[in-house]
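Scroll down for the structure; my scribbles are underneath it.
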Ligand SMILES: C[S@@+](CC[C@H](N)C(=O)[O-])C[C@H]1O[C@@H](n2cnc3c(N)ncnc32)[C@H](O)[C@@H]1O
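Numbering (our numbering), first residue to last: 7 to 382.
This is the structure we're talking about:
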C-alpha cells in the first residue's frame, strides 16, 4: 500500500471521492481540489485508466521545512532520486511557491535542479538532462513560506485530455468536468438524455464513453511507466481487470445545436472517441425543439455565456424562450443546467431542486436541477 493524491477542479472533489471509494481504495480523504487515497501501485495504474474526474495523480515523497536556499539544496540532496529514474532520462521541476516563500520560484527550482544533478554526478559521474516540454520524470514541488511538499507526477499531460477532441466550437467543457457533471446527475438512471445546446458534444460523448468503454484512456503513456519501479506485468493485468469487470449499458443520447460547425465538431469528436454509433447529433435551433421521445428522461445542457451587456440581454431572452419551450414540450422531465448566469437564470422561471457549485476554469458556476412542470 502507498499513499497517492488525485487532483481535480474545485467543485468536483465529491465525484472524485466516490469514484475512488467505488474502486475500494483505503483512507480516501477530500481536500479543496484533490483527494488523497491509499492503494497498491498496480491499483494506482488502474486508477489512471478508470478515473473520469481526476486531472492528475501524484505520489508524495517528502514534506520538510527549509529556511534558506542552502538548506533546501542539502535536504533535496538527501532524498535518493536515483531510485526513481536514471541518468539517461530527462527530468523537470514543476514548482509553485507562495509570495512569502524563502526565494523566488525560478531560483528555488534552480536550486532543486542543481541538488538532483549533483547527486547523480557524484554517484554515477553522469547527469540527467532537463526537459521542460516532455520529461521522463517530473517532480512537483509546492512551497508555502518555508514548507516544502514534494511529490512525483505519475500522470504527465492532464487526464482531462482524452485524445478524442479533434475540433471544438464555442467554449467547450473540459472532459473531466463534463464527466463529473454526468456523475452528479446519476445519468445511468435515465433512459434518455438530450443536450439541446451541445456545442462540441462533450457532455454526451463523456456519457457514451462511460457507458461503453472500460478505460477512460486507451492509447496514451503515463509518467509512471518511466519510473525504475514500474512493473509492466502489473500494468497489463490492471488493464485486463478493468476490461473483465466492465458492464456496458444502453441509453438514448441526443444532441442538437443551432450551429452547423458545432454539429460537425460533435460528429467528428464522437467518431474519434469511438462512440458515434451511440449518439444522435442534429442541427436544430431551440425554437424547433420538440419532444419526439417515447419515454421520459433528462435535458442536460450548458447554455452560452455572455460577457457584454448586449449578450446578457440576449441570454435572458434565450433562457426565457428555453423555459417556455421546456414547459410546453418536456413536462415530467428533469432539467440539469450548468450556468454562471444568475440574471438569465431568473428568466427561466423554474424552481431549483438542487444546486451544485462547480468551477468551469476560473468561472464559478452552478449546476442546477429543476423538475419541469408542464403548462399544456
Ligand atoms: C457553451 S456552448 C456548449 C458547450 C458544450 N457543452 C461543449 O462542451 O462543447 C453553448 C452552445 O449553445 C449553442 N446555442 C446557442 N443558442 C442556441 C439556440 N438558440 N439553439 C441551439 N443552440 C444554441 C451554441 O451554438 C453553443 O454551441
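No residue lacks a Cβ here, since even glycine has one placed at the ideal position from N, Cα and C.
Give the secondary structure of residue i by DSSP, where H, G and I count as helix, E and B as strand, and everything else as coil.
i           : result
residue 370 : strand
residue 211 : helix
residue 94  : coil
residue 12  : strand
residue 108 : coil
residue 137 : coil
residue 20  : helix
residue 204 : coil
residue 376 : strand
residue 224 : coil
residue 266 : helix
residue 76  : helix
residue 100 : strand
Is any heavy atom in ligand 3 found nearer than 7 Å to the beta carbon of residue i?
i          : result
residue 81 : With respect to ligand 3, the structure shown offers nothing to examine, as its ligands consist of ligand 1.
Which residue's Cα is closest to the Cα of residue i: the options?
i           : options               : result
residue 100 : 58, 160 and 48        : 160
residue 25  : 244, 37 and 53        : 53
residue 326 : 347, 230 and 339      : 347
residue 182 : 380, 19, 352 and 358  : 19
residue 271 : 154, 256 and 289      : 289
residue 246 : 236, 51, 137 and 150  : 51
residue 201 : 285, 219, 267 and 180 : 285
residue 353 : 328, 344, 255 and 251 : 328
residue 23  : 224, 361, 189 and 234 : 189
residue 218 : 250, 274, 120 and 8   : 250
residue 6   : 282, 222, 229 and 129 : Not covered by the structure: residue 6. The range shown for the chain is 7 to 382.
residue 98  : 136, 359 and 127      : 136
Terminal residues of the continuous alpha helix (DSSP H) containing residue i?
i           : result
residue 356 : Here residue 356 belongs to no alpha helix (DSSP H), and DSSP marks it neither H nor E.
residue 157 : Segment 153-159 is the beta strand (DSSP E) holding residue 157; no alpha helix (DSSP H) there.
residue 191 : 181-191
residue 246 : 238-251
Starting from residue i and walking both ways along the beta strand (DSSP E), at which residues does that stretch end?
i           : result
residue 286 : 285-289
residue 262 : 258-263
residue 307 : 304-307
residue 66  : 62-71
residue 339 : Premise fails: residue 339 is in no beta strand (DSSP E) and is neither H nor E.
residue 42  : 40-45
Could you name the residues of the same chain whose beta carbon sits closer than 7 Å to that of residue i, not counting the 5 residues immediately before and after it, in chain order?
i           : result
residue 349 : 318 and 322
residue 80  : none
Let me see if you follow: with CB-CB separation under 8 Å, is residue i close to chain B or not?
i          : result
residue 40 : In the structure shown, chain B cannot be found, because there is only a single protein chain.
Confirm the yes/no value for this check: CB of residue i, any heavy atom of ligand 1, distance under 7 Å.
i           : result
residue 334 : no
residue 188 : no
residue 263 : yes
residue 46  : no
residue 292 : yes
residue 176 : yes
residue 170 : no
Please return the same chain residues whose Cβ sits closer than 8 Å to the Cβ of residue i, not counting the five positions on each side in sequence.
i           : result
residue 378 : 305, 332, 333, 336, 337, 338, 339, 340, 341 and 356
Ignore the nearest five residues each way along the sequence and tell me which others in residue i's own chain have a CB closer than 6 Å to its CB.
i           : result
residue 364 : 17, 371 and 373
residue 102 : 148
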